[in-house]
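For reference, the structure is listed below as structure tokens.
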Amino acid sequence: MTKTHHKTGQPVLVAIDIAKHRNEVLIAVPGRRRRKRLTVRNVREDIDRFVETLTAFGVPTQPEPPTSNGYSIGRQYYSMEGEPVDVSRVAQGERLVTVVTVTPQGYSDGRLMVSDPLPAGFEIDNPNLIRGGDIEALDWLQLTSDLRNSEFRQDRFLAAVDWQSDRAFRLAYIVRAVTPGTFHHPAVSVEDMYRPDYRATGETGTVVIE
Numbered sequence: 010m011t012k013t014h015h016k017t018g019q020p021v022l023v024a025i026d027i028a029k030h031r032n033e034v035l036i037a038v039p040g041r042r043r044r045k046r047l048t049v050r051n052v053r054e055d056i057d058r059f060v061e062t063l064t065a066f067g068v069p070t071q072p073e074p075p076t077s078n079g080y081s082i083g084r085q086y087y088s089m090e091g092e093p094v095d096v097s098r099v100a101q102g103e104r105l106v107t108v109v110t111v112t113p114q115g116y117s118d119g120r121l122m123v124s125d126p127l128p129a130g131f132e133i134d135n136p137n138l139i140r141g142g143d144i145e146a147l148d149w150l151q152l153t154s155d156l157r158n159s160e161f162r163q164d165r166f167l168a169a170v171d172w173q174s175d176r177a178f179r180l181a182y183i184v185r186a187v188t189p190g191t192f193h194h195p196a197v198s199v200e201d202m203y204r205p206d207y208r209a210t211g212e213t214g215t216v217v218i219e
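Count along the sequence shown from 1, add 9, and you get the number used in the numbering used here.
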């Protein structure tokens, strides 16, 4: 029997032994009761049906609402000239500045990890611009520079921040819309690495790249 493992924002790989004429496959999401069992024969019709099932399984019919405990978090987009941008519909090749704002709900003394997954059609573009402070139009944002670590991965932006304050802080990076299509926009999140109950998630959405 094939086992599946689900992790939010990450691809799921499923292996089928093609040496067998048929396979019993169980699809399940940890922590949820819903399961689906399939018999998959080694024929094109069954493989197509299996792929269709994996694509639809576990996709919520309504967006998950934002959550907050100890912190709240939000994400905004701006043009390179500093104007607010609605990313529900953007042009292919357009460059945007992503700004993540974390607000403590009271005084914070936390070791925080911020994670901002990218929509599949976006990629991070030239992080050195933000590090070098070359975007003069966004000087008013007063971006946080005191980071323990930051990573600009292919699928997400990560930042570790030690924050002792009741004030909000902001992080930023540049993205480029590279692939036309309609894509799910995962939620940004923040979590105290030593007190994981103190965490927050932002809004999910949809990005259309034309």
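Here a beta-carbon is modelled for each residue, glycine too, at the ideal position from N, C-alpha and C.
query, result
"Unbroken stretches of the alpha helix (DSSP H), 4 residues or longer, contained in the region 118-202", "137-141"
"Stretch pair the region 192-208 + the region 108-121: three plus CB contacts closer than 8 Å", "yes"
"Classification of residue 215 by the beta-carbon crowding that lies within 10 angstroms, buried from 16 upward", "exposed"
"Euclidean distance between Cα positions of residue 115 and residue 171", "15 Å"
"Between the CA atoms of residue 113 and residue 176 - distance to the nearest angstrom", "7 Å"
"Three-state class that DSSP yields for residue 54 in the structure shown", "helix"
"Own chain, CB closer than 6 Å to residue 72, minus 5 neighbours either side, in chain order", "213"
"Residues bridged to residue 209 (per DSSP)", "77 and 199"
"Short Cβ contact (7 Å threshold) for residue 182 with residue 192", "no"
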